[in-house]
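A.B. asks: Protein chains in written order, with my numbering: chain X, 168 to 512; chain P, 168 to 512; chain D, 168 to 512; chain U, 168 to 512.
Number of protein chains: 4
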Amino acid sequence: MKALLYHGAGDIRYESMADPMPVEAGDAIVRVTACSICGSDLHIYHGHGFSEDRGFCVGHEAVGEVVETGRAVSRLRVGDRVMIPAAAGCGACRPCLSGNVIGCENGAAACYGLSAALQGSQAEAVRVPSADANAVLIPEGISEEQALLMTDALSTAWFGARSADIAPGSSVAVIGLGPIGLMTVDSAFVLGAHIVYAIDPVPERRALAAAAGAVALHPDEAVAVIREATKGRKLDSVVEVVGSDATVDMALRLVRARGTVSVIGVQQSRRFAFPLERAFAAGLTFRVGTCSVPEELPTLFPLVQAGRLKPETYVSNRLPLRDGAEAYAMFDRREAGTLKIILEP
Amino acid sequence: MKALLYHGAGDIRYESMADPMPVEAGDAIVRVTACSICGSDLHIYHGHGFSEDRGFCVGHEAVGEVVETGRAVSRLRVGDRVMIPAAAGCGACRPCLSGNVIGCENGAAACYGLSAALQGSQAEAVRVPSADANAVLIPEGISEEQALLMTDALSTAWFGARSADIAPGSSVAVIGLGPIGLMTVDSAFVLGAHIVYAIDPVPERRALAAAAGAVALHPDEAVAVIREATKGRKLDSVVEVVGSDATVDMALRLVRARGTVSVIGVQQSRRFAFPLERAFAAGLTFRVGTCSVPEELPTLFPLVQAGRLKPETYVSNRLPLRDGAEAYAMFDRREAGTLKIILEP
Amino acid sequence: MKALLYHGAGDIRYESMADPMPVEAGDAIVRVTACSICGSDLHIYHGHGFSEDRGFCVGHEAVGEVVETGRAVSRLRVGDRVMIPAAAGCGACRPCLSGNVIGCENGAAACYGLSAALQGSQAEAVRVPSADANAVLIPEGISEEQALLMTDALSTAWFGARSADIAPGSSVAVIGLGPIGLMTVDSAFVLGAHIVYAIDPVPERRALAAAAGAVALHPDEAVAVIREATKGRKLDSVVEVVGSDATVDMALRLVRARGTVSVIGVQQSRRFAFPLERAFAAGLTFRVGTCSVPEELPTLFPLVQAGRLKPETYVSNRLPLRDGAEAYAMFDRREAGTLKIILEP
Amino acid sequence: MKALLYHGAGDIRYESMADPMPVEAGDAIVRVTACSICGSDLHIYHGHGFSEDRGFCVGHEAVGEVVETGRAVSRLRVGDRVMIPAAAGCGACRPCLSGNVIGCENGAAACYGLSAALQGSQAEAVRVPSADANAVLIPEGISEEQALLMTDALSTAWFGARSADIAPGSSVAVIGLGPIGLMTVDSAFVLGAHIVYAIDPVPERRALAAAAGAVALHPDEAVAVIREATKGRKLDSVVEVVGSDATVDMALRLVRARGTVSVIGVQQSRRFAFPLERAFAAGLTFRVGTCSVPEELPTLFPLVQAGRLKPETYVSNRLPLRDGAEAYAMFDRREAGTLKIILEP
């Protein structure tokens with residue numbers, strides 16, 4: 168089959184690779200009908216390798232159709248339309264069974280497309296291990312595109328917003344307005360925020376946030392504007408969706424005494440300079456981490472079905488999978504107008 | 168001064184009474200600039216007397232201007248624009264100080280306008296006991312009309328919705344679409360409901376709920392329609408805003424296993440036939456009671472300031488206080504188009 | 168095999184019946200090494216039949232050893248030591264997988280031993296449907312006896328206590344001091360209660376509660392004593408563990424304004440006279456229902472392993488299964504000294 | 168009067184100073200009957216000056232008797248026995264009124280004894296500003312000694328434990344076993360912890376923790392022992408009660424994926440090297456800050472009255488106030504057996 172393979176920093180190629188086959192009795196093979204590029208794929212693209220492997224298939228956001236099931240698969244049938252959450256677990260421990268894949272007690276939690284150990288899904292087909300647990304039937308009233316955007320982006324955005332303790336009446340900032348950041352703005356409003364400051368250097372992204380009801384700010388002005396607007400009180404909740412020391416530091420400057428910062432941007436800093444003295448004086452809850460997608464879905468499905476969340480708003484491009492290399496380059500340039508890119512095998 | 172006085176069932180008169188004076192050192196006198204009629208005023212109007220008194224001033228929703236303060240009043244000044252929450256407490260115990268007037272440890276909690284003990288506020292002026300605690304400054308960005316609607320109606324609606332454990336993604340029913348019921352519909356959406364069924368026999372009220380995004384149903388069809396729409400699963404949360412045995416019973420038929428019913432309609436039943444066997448089999452949380460207005464305000468102020476809640480939508484009439492008797496009669500007839508009536512002294 | 172079979176009110180017999188066999192591929196057969204009699208078994212014993220069936224095996228609390236597994240069973244192995252929670256679900260839907268058997272979306276939730284549809288476990292062996300989900304491995308550090316007491320009694324007690332919103336510093340009453348009531352007293356202390364009133368007419372049961380740290384009261388004196396001790400304020404949380412209208416009514420008289428009543432006694436009243444007017448005036452949370460055992464276990468296992476909860480304290484008798492008829496009669500007489508009866512096949 | 172005055176690092180003297188007098192109408196003067204030395208007093212003693220002042224009175228833990236009240240004081244009377252929480256606020260804003268002194272909206276929150284602006288209470292008498300809000304009547308059933316230990320130590324310990332999200336069944340570590348650390352161990356058990364690891368280099372302190380039911384560990388062995396005991400899973404909740412980078416770092420090594428670290432040791436680090444990459448991979452809630460004493464008291468009073476918490480256990484010395492200089496030196500040496508020192512004027 169054809170797939171997007173990683174050959175080093177900046178080098179993603181559309182090439183042939185072996186068709187995926189069931190390895191364990193619980194595996195299923197899913198023919199991918201649509202996949203997408205995530206901001207965290209850029210970490211791989213930039214060569215911050217999560218592994219030393221080369222030639223493996225990338226990508227962790229996909230939807231498709233079950234075409235083959237191992238003999239221990241009991242809940243899925245060939246022909247089922249499924250979404251594949253970004254990470255898979257053992258599928259047998261209590262956390263996995265209840266949707267907390269990341270908390271897999273057998274240490275089997277892994278994201279697709281980071282190494283040859285679990286091939287990615289930017290491909291014509293993908294092997295899903297323990298598929299009863301790790302593939303999710305797309306429910307009625309959810310389009311394939313919406314389901315694709317819930318395999319990671321919207322689930323992460325929602326998790327980030329609720330991890331920031333956003334409640335009705337909250338004042339909020341979201342730092343970073345890529346697709347996940349924009350969906351975080353929407354999530355904050357559904358959680359009851361009365362005001363959301365949306366911060367990003369790219370004017371087109373700020374315009375989208377403003378269209379969603381946020382007060383859009385350039386990073387250079389954000390701290391000063393928010394301090395003045397709140398008379399120095401600052402904000403109840405801040406969500407960092409970038410993954411740099413500077414933006415985490417900004418988040419810590421924007422939060423009020425006893426407020427909450429939620430960091431969902433992929434972090435690679437080992438010695439972030441945390442202002443412990445200041446945090447102690449004011450009081451702070453600081454949350455860092457990522458979501459377990461299946462845990463978020465029971466809440467998100469009805470909200471998307473009812474149109475309260477519309478993640479499809481942030482799809483900017485649909486390209487054939489064969490143009491994947493150019494799609495990565497385009498997404499990496501953060502060009503005006505480029506947001507979520509969907510690839511079709 | 169002039170005021171609306173109660174003389175028995177169906178007999179409210181616009182008459183003269185003595186001007187209110189400070190009795191205790193903590194009292195303040197507020198010149199009423201607007202007051203309103205609440206659904207629970209109809210209980211008095213119908214002669215379900217909360218007391219045997221006659222000739223006292225009715226009403227418990229008012230805003231106005233401080234015109235006199237006792238010598239122990241330290242937070243209010245003459246000239247301040249204030250709202251007067253429906254019930255007053257001692258103002259000195261910890262619950263009162265933190266806004267939980269209803270939980271007053273000195274047993275001083277009382278609603279205005281139920282007896283001669285605490286005269287009502289459908290008048291040109293009203294005495295506010297322990298005014299530092301029992302009058303609230305109207306903050307910037309809140310109109311006088313909005314503040315008036317928060318002295319009871321919106322606060323009760325919000326309390327009812329959150330007492331029903333409504334969370335993002337919830338399915339909800341609201342039974343009874345007077346002003347509080349309609350504000351409960353709005354509150355449910357701000358709390359994240361993905362669908363709200365709004366139930367009332369009056370077509371005009373259903374139309375307003377539909378305009379707010381709800382699925383409007385006549386009581387006769389509600390149980391059947393909701394069971395079918397949810398494939399028998401029924402709803403996460405139901406709010407009863409009427410105060411009759413029949414509607415409480417309906418609420419208990421609409422809620423799913425392990426769901427929550429919140430009853431905020433004024434209840435006068437001493438032996439409601441509760442289906443304990445059925446509730447036990449399914450699991451149920453059943454909440455009954457009313458709100459302490461000042462507890463809800465810190466959440467509601469920013470939501471109203473930001474326009475996420477617009478209680479003023481449900482004002483249908485503005486009349487001079489002198490027409491109060493007719494206003495009561497009109498409100499009691501539940502005529503098409505009559506919702507919240509504001510009276511101006 | 169031998170088992171206890173129901174032949175009508177008061178008529179439980181130790182008789183032969185067919186050995187259980189796997190029916191579905193997910194079934195397992197468990198050789199029962201110990202089972203026990205629950206207060207709710209007395210409802211069957213008294214002929215309040217949950218079905219019209221006769222000659223079926225009773226009982227829903229058992230531990231044992233897996234002796235046979237259907238071919239779709241993947242998590243259990245022959246020889247495993249397991250506990251069997253009181254109710255079983257489909258084992259495939261998300262609620263079942265996460266431990267909420269009662270919320271089974273396929274409507275498959277059923278308690279063992281109520282009819283011929285799912286034979287009970289007061290027998291030499293029992294069929295466990297969807298055994299991967301419905302049997303639980305006994306973890307290290309939990310004795311077989313403790314595990315048996317967690318298949319229903321302790322799990323229900325714990326659920327009842329936490330459903331009463333007991334928190335550190337709470338004042339509590341527990342009405343009914345059978346084994347579950349006594350474990351509820353212990354649970355209340357683990358949840359942080361500062362005082363627990365324990366109410367029962369049987370002096371020996373009151374003595375056990377007193378030994379556990381509670382203030383023991385006879386039902387005739389409870390309301391008066393508690394009102395005086397709390398200066399009329401009454402209690403934060405009340406748990407009803409009996410299942411009669413009189414005790415539910417007492418619970419509603421003992422709870423403070425805005426407090427919580429949790430009803431876990433099996434209720435058969437269809438028209439309980441609920442004091443809605445009084446509840447409305449004071450504010451109340453009223454919870455009714457029963458637990459889903461597997462949901463409680465992740466919390467209970469470490470508490471029992473660490474000795475913070477000792478359900479084995481309340482075992483009063485160990486008898487051979489063949490004496491089951493006499494055991495039922497003895498338990499039904501509520502004799503001094505009779506609490507939890509364990510039966511050994 | 169006589170008092171302990173700060174004259175620079177290591178230089179605390181028992182000297183005369185002017186008697187305190189009411190400055191504002193809301194002030195009260197309290198004759199101190201007992202005061203105590205807090206771990207955070209050592210920061211001052213070591214000259215990490217919170218101010219450049221010299222000659223001011225130190226100390227922020229005291230109980231005593233009201234001897235004079237300003238004319239605006241309405242809730243306190245001369246002769247009342249009161250405890251004085253460590254920090255005072257304006258006493259008029261909603262946060263202050265509800266007990267959240269630290270969140271004082273008028274920016275008036277200040278700790279006693281850090282500068283000449285608000286003189287300390289290691290003295291024969293102390294001025295309490297806005298005394299209605301900032302002094303608390305000692306309730307029946309609480310000894311003066313217990314009340315003294317609740318003005319800061321036990322309240323902070325309890326806050327630290329609950330900020331660590333300790334719940335029934337939790338596994339916990341407490342790092343630092345001074346008086347607050349030991350009370351944190353006790354608090355963790357009341358919150359339902361099934362195991363508490365207590366970590367400190369001083370053997371006598373470890374022995375006290377072991378007597379309280381904890382597993383006592385030397386810091387050098389803690390990480391290895393806990394990783395092995397939990398099979399690498401680590402702990403649900405960790406409380407840091409020291410205030411050094413090394414112990415915060417240890418806390419971050421002891422917490423499980425998605426667990427919570429609560430830091431209540433006084434922090435002075437401006438650039439703590441936070442392992443953001445590791446925290447992101449595992450998921451973490453990190454809380455830093457200190458308590459507002461009056462917020463904790465409604466929960467703590469019944470727990471102390473009922474004997475579930477016994478802070479008096481950790482009093483090691485009672486000395487006359489005149490020996491204060493020696494008391495500071497003794498406490499600073501962390502000698503075996505020296506824990507909480509009470510000073511009597």
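From the three backbone atoms N, C-alpha and C, an ideal C-beta is built for every residue, glycine too. It should be emphasised that the depicted structure is a prediction, and the values quoted were computed from it without experimental measurement.
#1: For residue 450 of chain D, which of P:444, P:458, P:494 has the nearest alpha-carbon?
#2: Pair every Cβ in the stretch 433-453 of chain X with every Cβ in the stretch 436-447 of chain U, then say whether three or more of these pairs are closer than 8 Å.
#3: Under a Cβ-count criterion, where at least 16 other Cβ atoms within 10 Å of its own Cβ denotes burial, should residue 430 of chain D be classed as buried or exposed?
#4: Would DSSP call residue 487 of chain P helix, strand or coil?
#5: Quick check on the burial criterion: 16 or more other C-beta atoms within 10 angstroms. Buried or exposed for residue 213 of chain D?
#6: Report the rounded CA-to-CA distance for residue 427 of chain X versus residue 407 of chain U, giving the unit in angstroms.
#7: Considering only the beta carbon of each residue, do residue 199 of chain P and residue 295 of chain P sit closer than 7 Å?
#8: Report the rounded CA-to-CA distance for residue 225 of chain P versus residue 371 of chain P, giving the unit in angstroms.
#9: Along the stretch 401-419 of chain P, what residues have a CB closer than 9 Å to any CB found in chain D?
#10: Where do the N-terminal and C-terminal ends of the beta strand (DSSP E) with residue 183 of chain P fall, by residue?
#11: Check whether the Cβ of residue 443 of chain X lies closer than 7 Å to any Cβ atom in chain U.
#12: Below 8 Å on the Cβ atoms is my contact criterion, and I expect residue 211 of chain D with residue 181 of chain D to pass it. Report the Cβ-Cβ distance as a whole number of Å.
#13: Considering only their Cβ atoms, is the gap separating residue 342 of chain X from residue 452 of chain X smaller than 7 Å?
#14: Which residue's Cα is closest to the Cα of residue 286 of chain P: P:301, P:223, P:379, P:253?
#15: Contact criterion: CB-CB distance below 7 Å. Does residue 242 of chain D meet it with respect to chain X?
#16: Using three-state DSSP, classify residue 172 of chain U as helix, strand or coil.
#17: Would you kindly report the start and end of the unbroken alpha helix (DSSP H) that includes residue 522 of chain P?
#18: Using 7 Å as the threshold, is the C-beta distance between residue 357 of chain X and residue 335 of chain P below it?
#19: How is the beta strand (DSSP E) around residue 248 of chain P delimited, first residue to last?
#20: Quick one: Cα of residue 215 of chain P to Cα of residue 487 of chain P, how far?
#21: Where do the N-terminal and C-terminal ends of the alpha helix (DSSP H) with residue 203 of chain P fall, by residue?
#22: Can you confirm whether the stretch 499-507 of chain D touches the stretch 185-193 of chain D when touching is taken to mean that 3 or more C-beta pairs between the two stretches lie within less than 8 Å?
#23: Which of the three DSSP states is assigned to residue 403 of chain U in this structure?
#24: Taking residue 266 of chain P as the query, report the chain U residues whose CB atoms sit under 8 Å from its CB, ordered along the chain.
#25: Return no unless some Cβ of chain X is closer than 7 Å to the Cβ of residue 335 of chain P.
#26: Does any residue of chain U bring its CB to less than 7 Å from the CB of residue 517 of chain X?
#27: Examine chain D for any beta-carbon lying closer than 7 Å to the beta-carbon of residue 452 of chain P, and answer yes or no.
#28: Could you tell me which of P:197, P:447, P:353, P:455 sits nearest to residue 476 of chain P, measuring between CA atoms?
#29: Smallest Cα separation from residue 269 of chain P: which of P:460, P:404, P:328?
#30: Could you check whether the Cβ of residue 327 of chain D sits closer than 7 Å to any Cβ belonging to chain P?
#31: Quick test of the definition: if touching needs 3 or more C-beta pairs under 8 Å, does the stretch 360-369 of chain P touch the stretch 382-391 of chain P?
#32: Would residue 339 of chain U be called buried (16 or more neighbouring beta carbons within 10 Å of its own) or exposed?
#33: Use the C-beta contact count for residue 374 of chain D: other C-beta atoms within 10 angstroms, 16 or more gives buried, fewer gives exposed.
#34: Under the rule that 16 or more other beta-carbon atoms within 10 Å means buried, what is residue 329 of chain D, buried or exposed?
#35: In three-state DSSP terms, what is residue 369 of chain X?
#36: Whose Cβ in chain U lies nearer than 9 Å to the Cβ of residue 239 of chain P?
C.D. replies: Inspection of the coordinates gives the following:
#1: For the purposes of this step, residue 450 of chain D is taken as residue 283 along the third sequence, with counting starting at 1. The candidate whose alpha carbon is nearest that of residue 450 of chain D is P:458.
#2: yes
#3: The residue you call residue 430 of chain D lines up with position 263 of the third sequence. Label assigned to residue 430 of chain D: buried.
#4: Start at 1 with the first residue of the second sequence, and residue 487 of chain P comes out as number 320. Three-state result, residue 487 of chain P: strand.
#5: Reading the third sequence from its first residue, position 46 is the one you call residue 213 of chain D. By the 10 Å Cβ count, residue 213 of chain D comes out exposed.
#6: The count along the first sequence starts at 1 and reaches residue 427 of chain X at position 260. The count along the fourth sequence starts at 1 and reaches residue 407 of chain U at position 240. Near 19 Å, if we compare the C-alpha coordinates of residue 407 of chain U and residue 427 of chain X.
#7: For the purposes of this step, residue 199 of chain P is identified with residue 32 of the second sequence, where counting begins at 1. For the purposes of this step, residue 295 of chain P is identified with residue 128 of the second sequence, where counting begins at 1. No, Cβ-Cβ distance for residue 199 of chain P and residue 295 of chain P is not below 7 Å.
#8: Translated into the one-based positions of the second sequence, residue 225 of chain P becomes position 58. Translated into the one-based positions of the second sequence, residue 371 of chain P becomes position 204. Using only the alpha carbons, I get a separation of about 28 Å.
#9: Result list: 410, 412, 415.
#10: Within the second sequence, residue 183 of chain P is the residue found at index 16, counting from 1. Looking at the DSSP string, the run of the beta strand (DSSP E) that includes residue 183 of chain P is 179-183.
#11: Taking the first residue of the first sequence as 1, we reach residue 443 of chain X at position 276. Judged by the 7 Å Cβ criterion, residue 443 of chain X is in contact with chain U.
#12: Against the third sequence, residue 211 of chain D aligns to sequence position 44. Against the third sequence, residue 181 of chain D aligns to sequence position 14. 16 Å between Cβ atoms; not a contact.
#13: The sequence position of residue 452 of chain X within the first sequence is 285, counting from 1. The sequence position of residue 342 of chain X within the first sequence is 175, counting from 1. Result no, Cβ atoms of residue 452 of chain X and residue 342 of chain X do not sit closer than 7 Å.
#14: For the purposes of this step, residue 286 of chain P is taken as the residue at position 119 of the second sequence. Minimum Cα distance to residue 286 of chain P is reached at P:223.
#15: The count along the third sequence starts at 1 and reaches residue 242 of chain D at position 75. Chain X, which has a Cβ nearer than 7 Å to the Cβ of residue 242 of chain D, makes this yes.
#16: Position 5 of the fourth sequence, counted from the start, is the residue given in the question as residue 172 of chain U. Residue state, collapsed to three classes: strand.
#17: Residue 522 of chain P falls outside the range modelled here, since chain P spans only 168 to 512, and no answer is possible.
#18: Reading the first sequence from its first residue, position 190 is the one you call residue 357 of chain X. Reading the second sequence from its first residue, position 168 is the one you call residue 335 of chain P. A contact, by the Cβ cut-off of 7 Å.
#19: Start at 1 with the first residue of the second sequence, and residue 248 of chain P comes out as number 81. First-last of the beta strand (DSSP E) with residue 248 of chain P: 248-251.
#20: As a position in the second sequence, residue 215 of chain P is number 48, starting the count at 1. As a position in the second sequence, residue 487 of chain P is number 320, starting the count at 1. Near 26 Å, if we compare the C-alpha coordinates of residue 487 of chain P and residue 215 of chain P.
#21: As a working mapping, residue 203 of chain P is identified with position 36 in the second sequence. No alpha helix (DSSP H) holds residue 203 of chain P; the beta strand (DSSP E) holding it covers 195-203.
#22: Touching, no, given that fewer than three Cβ pairs across the two stretches are closer than 8 Å.
#23: Your numbering for residue 403 of chain U matches position 236 in the fourth sequence. Note: residue 403 of chain U maps to strand in three-state DSSP.
#24: In the second sequence, residue 266 of chain P corresponds to position 99, counting from 1. Result: 261, 265.
#25: Sequence index remark: in the second sequence, residue 335 of chain P carries index 168 (1-based). By this cut-off, residue 335 of chain P is an interface position.
#26: The structure shown has nothing for residue 517 of chain X, since chain X only spans 168 to 512.
#27: Here residue 452 of chain P refers to the residue found at position 285 of the second sequence. Cβ-Cβ to chain D under 7 Å: yes for residue 452 of chain P.
#28: Numbered from its first residue, the second sequence carries residue 476 of chain P at position 309. Restricting attention to P:197, P:447, P:353, P:455, the CA atom closest to the CA of residue 476 of chain P is found in P:353.
#29: Working through the second sequence from its first residue, we reach residue 269 of chain P at position 102. Here the closest residue by C-alpha is P:460.
#30: Sequence index remark: in the third sequence, residue 327 of chain D carries index 160 (1-based). No, because no Cβ of chain P sits closer than 7 Å to the Cβ of residue 327 of chain D.
#31: yes
#32: The residue labelled residue 339 of chain U in the question sits at position 172 within the fourth sequence. Under this definition residue 339 of chain U is a buried residue.
#33: By 1-based counting over the third sequence, the position of residue 374 of chain D is 207. With fewer than 16 Cβ atoms within 10 Å of its Cβ, residue 374 of chain D is classed as exposed.
#34: For the purposes of this step, residue 329 of chain D is taken as the residue at position 162 of the third sequence. So residue 329 of chain D ends up on the buried side.
#35: Counting from one through the first sequence, the residue named residue 369 of chain X turns up at place 202. In the structure shown, residue 369 of chain X sits in coil (DSSP, three-state: anything other than H, G, I, E or B).
#36: For the purposes of this step, residue 239 of chain P is identified with residue 72 of the second sequence, where counting begins at 1. Result: 239, 241.
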